[in-house]
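K.L.:
When the sequence shown is numbered by numbering that gives the first Met the number 0, its final residue is 265 and no position is left out of the sequence of numbers.
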Amino acid sequence: MKAKAVLVLVDGLRPDAIELCGNSFLLEAQKEATSCFCASSVVPPITLPCHTSLFYSVEPRRHGITTNLWMPLVRPIDSLGDIVAKSGKKAAMFYNWEQLRDLNRPGSLHFSYFQSQCGILQRDMEMEREMTDNAVSYLRKEQPDFLFLYLGYTDEAGHDYGWMGKEYLTAAANASKCIQKLKEQLPGGYHLIVTADHGGHERTHGMEIPEDMTIPMLFIGPKFAAGKTLSGVSLLDIAPTIADILEIECPREWEGNSLLAGRKEE
0 MKAKAVLVLV DGLRPDAIEL CGNSFLLEAQ KEATSCFCAS SVVPPITLPC HTSLFYSVEP
60 RRHGITTNLW MPLVRPIDSL GDIVAKSGKK AAMFYNWEQL RDLNRPGSLH FSYFQSQCGI
120 LQRDMEMERE MTDNAVSYLR KEQPDFLFLY LGYTDEAGHD YGWMGKEYLT AAANASKCIQ
180 KLKEQLPGGY HLIVTADHGG HERTHGMEIP EDMTIPMLFI GPKFAAGKTL SGVSLLDIAP
240 TIADILEIEC PREWEGNSLL AGRKEE
């Protein structure tokens, strides 16, 4: 069976929130993962620039997106979804922040599912659980080669109530429960990657400070060593790592490195 990958991104998730949110799943998952809880975001640590850097494996100064407003790249690069499609494989995306719709070229995704947020804490957490259920159902039925699940409400809770506050940590715990459900139902042959785009402080983010720039990463699956800790990892490394899992050649413009190639343990 060919190796496949699921990437889950929890918007605005700080590594210390994993420890304090009250749900231990992601902490326990470190035991079977190759992980880094001190990985680096990009500058500026803002949602759309971060996601563009993740999918295109280049810094914002290369792709030119420095706010949450999408602009076509002056010098186009193939995104992660684009190269999956060009290789004849299937990619799918489940998300609840509409600005992410342009990360891949039209026609690159085999399936796309968008669900809006309503801005009410309990209902938005319920909706993220529903979206996760839909992603799991699609995953088990269609067996795509790559699936991206974006859980965006943690970031909204940070803006509305403050990073590391009660409501934010409740949203982080909810995201952890969603990831646990997904992992428990992953078909064989899948690798699970969990990360964030940026952190946050007070009720904002976007500054080049540790609270905003430091993000967690976990890589679980047969191609990754259990209990291994990495250092010097960047958001740019995720797309090359997924391409390596799927045995797809990376575009020459990509700047990140596959974590399957080996890193020194801390």
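Using N, Cα and C, we set each Cβ at its ideal position, and we do this for glycine too.
As the structure is a computational prediction, the values presented were derived from the model and not from experiment.
Spell out the partners DSSP gives tyrosine 112 in its beta bridges.
P.N.:
In the sequence shown, the residue the question calls residue 112 occupies position 113. Partner(s): Phe93.
K.L.:
Going by other Cβ atoms of all chains shown within 10 Å of its Cβ, with 16 needed for buried, is methionine 130 buried or exposed?
P.N.:
If you number the sequence shown from 1, residue 130 lands on position 131. Methionine 130 comes out buried.
K.L.:
Please report the Cβ distance between glutamate 155 and glutamine 114, rounded to the nearest whole angstrom; I am assuming they are in contact, meaning their Cβ atoms lie under 8 Å.
P.N.:
Here residue 155 is taken as the residue at index 156 of the sequence shown, counted from 1. Here residue 114 is taken as the residue at index 115 of the sequence shown, counted from 1. Contact between glutamate 155 and glutamine 114 is ruled out by a C-beta separation of about 13 Å, above the 8 Å threshold.
K.L.:
With DSSP as the reference, please indicate the residues paired to alanine 4 in a beta bridge.
P.N.:
Position 5 of the sequence shown holds residue 4. The partner list for alanine 4 (beta bridge, DSSP) reads Phe145 and His190.
K.L.:
Relative to the C-alpha of valine 83, which candidate in Asp196, His190 and Cys249 has its C-alpha closest?
P.N.:
Working through the sequence shown from its first residue, we reach residue 83 at position 84. Closest option to valine 83, Cα to Cα, is Cys249.
K.L.:
DSSP state of phenylalanine 223, grouped into three classes?
P.N.:
In the sequence shown, counting from the first residue as 1, residue 223 sits at position 224. Phenylalanine 223 falls in the coil class under three-state DSSP.
K.L.:
If you run the structure through DSSP and keep just helix, strand and coil, what is valine 57?
P.N.:
Along the sequence shown, read from residue 1 onward, the residue named residue 57 stands at position 58. Note: valine 57 maps to coil in three-state DSSP.
K.L.:
Examine the Cβ distances between the region 225-234 and the region 32-49 and report whether three or more of them are shorter than 8 Å.
P.N.:
The region 225-234 vs the region 32-49: in contact.
K.L.:
I need the straight-line Cα distance from glutamate 246 to tyrosine 160, nearest angstrom please.
P.N.:
Counting from one through the sequence shown, the residue named residue 246 turns up at place 247. Counting from one through the sequence shown, the residue named residue 160 turns up at place 161. Between the alpha carbons of glutamate 246 and tyrosine 160 lies a distance of about 42 Å.
K.L.:
Would you kindly check if the distance between the Cβ of alanine 172 and the Cβ of glycine 21 is under 8 Å?
P.N.:
Stepping through the sequence shown from its first residue, residue 21 is reached at position 22. Stepping through the sequence shown from its first residue, residue 172 is reached at position 173. Their beta carbons are under 8 Å apart, which means glycine 21 touches alanine 172 by this criterion.
K.L.:
Quick check: what's the CA-CA separation for glutamate 210 versus arginine 13?
P.N.:
Numbered from its first residue, the sequence shown carries residue 210 at position 211. Numbered from its first residue, the sequence shown carries residue 13 at position 14. Rounded to whole angstroms, glutamate 210 and arginine 13 show a C-alpha spacing of 7 Å.
K.L.:
Please report the straight-line C-alpha distance between alanine 2 and glutamine 98, rounded to a whole angstrom.
P.N.:
Within the sequence shown, residue 2 is the residue found at index 3, counting from 1. Within the sequence shown, residue 98 is the residue found at index 99, counting from 1. Computed Cα separation, rounded: 29 Å.
K.L.:
Near tryptophan 69, which residues of its chain fall below 7 Å by C-beta distance, leaving aside the five closest residues on each side in sequence?
P.N.:
In the sequence shown, counting from the first residue as 1, residue 69 sits at position 70. Correct list, in chain order: Leu47, Gln98 and Asp101.
K.L.:
Considering only the alpha carbon of each residue, which of Arg60, Phe110, Lys165 and Asn95 lies closest to glutamate 254?
P.N.:
The residue you call residue 254 lines up with position 255 of the sequence shown. Checking every option, the nearest Cα to that of glutamate 254 belongs to Arg60.
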